[in-house]
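Heads up, the thing below is written out as structure tokens.
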Amino acid sequence: MHLTTQEETMNPRTSLSAGAAKGARLRNAAVVGVAVAALALTACGGSGSNTSKGTGSGDGTLSFQTSEPKAIVPQRDAGSQIGMAMCANLMEVNSDSQELEPLAAKSVESKDSVHWDIELQDGWTFHDGTPVTAASFADAWNATALGSNAWLGNFAFVNVKGYEDLNPAKGEAKTKELSGVEVVDDTHLKVTLTDPMADFPKLLSTNPTCPMPESAFKDPEGYAAEPVSNGPYKFVSWDHNKEVVLEKWDDFKGGDGFTGEAKKLVGKIYTAVDPAYTDMTAGNLDMIRNVPAPMVDKAKKQLGEDAVYEVKTQSKMQSLNIPDYLPQLKDPDLRKAISLSIDREAIAKSILKGYATASDSLVPDSLDSYQEGTCEDCGFDPEKAKELLKKAGGIDGPLVIEARSTDNQQLLQAIQKMIKDNLGIEVKLKQSLGTTLSERTNNRELEGAQFGLWGWSYQSPDQFLSQYQTGGDGNQTTAYSNPAVDKKMKAAHAEQDPKKAATLYHDAEALIFEDMPSIPLFVPTDLGLQSKCAVLNDVQGDLQFYRAGYDC
């Protein structure tokens with residue numbers, strides 16, 4: 054799963070971050086921005102044509118909105134769109150077929166979902182001309198899985214044999230290699246997992262599983278500043294807090310379904326979506342993703358209907374996640390009371406302008422495990438909410454809602470007011486920088502419920518539900534633990550029949566709702582903005598800038 058920010062990629066997870074988007078699942082930041090400052094009209098309005106010229110001028114350049122990267126090495130920022138563009142994974146979703154296919158791999162096979170045989174394509178190289186070998190993947194995976202490196206992609210290897218040895222509860226690791234990863238020869242890998250995982254090929258499409266060349270280990274600091282990978286775009290420059298420039302790599306061996314048409318990509322760095330939108334109306338930006346609902350109608354008038362791109366497969370959810378380590382929020386009846394005090398339908402129609410639907414599940418309805426009404430306490434019933442609040446003995450102190458400082462101001466204020474008015478309790482908003490919120494989440498220092506936008510890195514219920522499994526991806530947000538849930542989740546992971554797996558995931562979700570460590574809120578309509586030169590493209594619900602077409 055990917056907890057995503059306004060400017061980055063999606064995909065518990067996510068990057069939220071990121072269907073088979075390369076972003077990894079759950080990161081600890083927050084979400085889509087909804088507060089929108091008034092902007093002056095700078096373009097013709099009301100027409101169906103796209104009036105935003107963007108930066109494209111026939112030279113093949115497209116610019117996109119991003120935030121200052123935590124890192125540009127894919128394994129260190131698992132939800133990064135920049136990392137996605139530079140890396141060619143073993144597996145990837147083909148944007149033409151929308152199916153998961155081998156990319157850098159020739160085959161990925163297993164008879165029991167525990168022991169995996171991976172064969173690489175012949176003749177692939179990194180951007181510097183050095184060969185991509187089985188060791189390129191194994192060395193990168195070992196470095197990413199080593200806890201002392203503190204790379205954000207670490208979680209991806211939690212199911213690989215030997216992960217615990219690289220991440221001891223106390224002291225230093227006594228080894229730096231995953232015992233479950235074996236290099237057979239230059240083009241063959243063997244991977245052994247601790248438990249069956251039918252989704253393992255999907256995991257191999259994410260940023261944490263990218264390969265790294267030998268130069269990455271000879272000069273780690275130099276590599277972090279100027280990374281080399283094997284994907285469709287290669288690194289050119291990073292002007293901190295201003296822009297990151299990538300250039301199309303002519304020697305990329307993947308097909309058209311794994312790349313885009315721009316000759317150059319310029320990631321322009323913003324701290325919020327409003328200035329990015331201003332640049333787009335002025336013709337200085339080509340692509341924006343995760344467009345907040347209040348901005349959409351304005352964009353249609355200013356930029357034209359064709360400037361708005363709607364992702365067809367909804368892969369994201371907004372929710373309030375409740376840390377289990379906070380005693381004042383421990384009672385399930387209190388959590389259910391909070392949920393019942395929020396009129397999701399009213400907020401979706403007013404604040405979110407109809408560009409969202411009320412959520413009644415921990416997964417979006419685009420997943421097979423979804424069943425309508427799974428959450429019995431996600432409707433609006435203020436009287437029942439008051440009864441449950443009384444049954445829980447009230448709340449000790451104010452309810453704190455934590456979120457990013459630049460995101461969702463109107464939405465958060467609406468939720469705050471509803472809870473306060475319908476339950477008669479004090480509700481405080483605590484907003485901080487995304488980096489600060491991530492750090493406090495990882496250190497289990499949250500003071501209240503965390504508002505977030507969660508999205509998948511690949512299309513699976515596990516991307517949302519594993520955050521409620523003990524030690525699972527994203528579990529640091531709620532720290533929730535339930536042996537019965539763990540048992541169902543392990544069974545779902547092992548099940549190779551998709552229909553049976555969906556049933557097991559739904560059973561796990563039903564158990565989770567008994568304790569309600571998360572309050573589902575909305576499934577937002579995922580929207581992007583494009584200039585007349587950009588042709589946005591999404592991959593199983595994840596809008597990816599580097600897959601965009603070029604039309605100038």
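For the sequence shown, the numbering used here gives the first residue as 54, with consecutive numbering after it. Built from N, CA and C at the ideal position, the CB exists for glycine as well.
DSSP places Tyr511 outside both helix and strand once states are collapsed to three, so it counts as coil. Under the three-state reduction of DSSP, Arg457 is assigned to strand. Runs of the beta strand (DSSP E) lying entirely within the stretch 367-435, each at least 3 residues long, are 369-374 and 409-411 in chain order. Trp194 has its alpha-carbon roughly 11 Å from the corresponding atom of Gly233. Residue environment analysis places Gly594 among the buried positions, since at least 16 neighbouring C-beta atoms fall within 10 angstroms of its C-beta. In the displayed model, Asp175 falls within coil according to three-state DSSP, outside both helix and strand. Put simply, the backbone Cα of Asp149 is about 22 Å away from that of Lys369.
Annotated three-state conformation of Ile565 is helix, per DSSP. Linking Asp327 to Thr334 through their CA atoms gives a straight-line distance of about 11 Å. Note that the stretch 514-527 touches the stretch 538-550; at least 3 beta-carbon pairs, one per stretch, sit closer than 8 Å. The beta carbon of Ala138 sits closer than 7 Å to the beta carbons of Gly284, Pro285, Tyr286, Leu299, Leu318 and Tyr599 from its chain, once the five residues preceding and following it are set aside; these are given in chain order. Beta-carbon to beta-carbon, Leu143 and Ala158 are separated by about 4 Å, close enough to satisfy the 8 Å threshold. For Glu235, same chain residues with a beta-carbon under 6 Å away, outside a window of 5 residues either side, are Lys243 in chain order. Bridge pairing for His168: Thr245 [DSSP].
Annotated three-state conformation of Tyr603 is strand, per DSSP. In chain order, Asp413, Ser414, Leu415, His559, Glu562, Ala563 and Phe566 place their CB closer than 8 Å to the CB of Thr427, counting only its own chain and leaving out the 5 sequence neighbours on each side.
Counting only residues of its own chain and dropping the five nearest sequence neighbours on each side, Asn220 has a CB closer than 6 Å to the CB of Gly200.
By the Cβ criterion, the stretch 568-575 is in contact with the stretch 385-401, since at least three pairs of Cβ atoms, one from each stretch, lie closer than 8 Å.
When DSSP states are grouped into helix, strand and coil, Ile341 belongs to the strand group. Within the same chain, Cβ atoms closer than 6 Å to the Cβ of Ala537 are found at Leu564, the five residues on either side in sequence being excluded.
Under a 10 Å Cβ-count criterion, Ser403 is classified as exposed, with fewer than 16 other Cβ atoms of the shown protein chains found around its own Cβ. Under the rule that a run must span 3 or more residues, the beta strand (DSSP E) segments found entirely inside the stretch 249-306 read 286-292 and 296-301. Per DSSP, the continuous beta strand (DSSP E) segment holding Tyr362 begins and ends at Val361 to Glu363.
By the Cβ-count criterion, Phe270 is exposed, with fewer than 16 other Cβ atoms from all chains shown falling within 10 Å of its own Cβ.
The three-state secondary structure of Thr324, taken from DSSP, is coil. Straight-line measurement puts the Cα of Tyr216 at about 26 Å from the Cα of Leu153.
With respect to Asp604, Val588 sits close: the two C-beta atoms are nearer than 7 Å.
Sequence-distant Cβ neighbours of Asp430 in its own chain, meaning closer than 6 Å and more than five residues away, are Lys389, Ser392 and Leu393. Distance from Glu479 to Pro435 at the Cβ level is roughly 17 Å; contact not present, criterion being Cβ atoms closer than 8 Å.
Taking the C-beta atoms as reference points, Gly107 is found nearer than 7 Å to Cys586. Under the three-state reduction of DSSP, Thr530 is assigned to coil, being neither helix nor strand.
Looking at Ala203, Gln355, Asn147 and Pro249, the one whose alpha-carbon comes closest to that of Pro261 is Ala203. Cβ-Cβ separation between Thr178 and Asp304: approximately 7 Å, consistent with a contact (criterion under 8 Å).
Beta-bridge annotation (DSSP): Ala502 is paired with Ile454. For a cut-off of 8 Å, the C-beta gap from Glu172 to Thr228 is around 26 Å, too long to register as a contact.
Within its own chain, the residues whose Cβ lies closer than 6 Å to the Cβ of Ser534, once the five positions on either side in sequence are excluded, are Thr523, listed in chain order.
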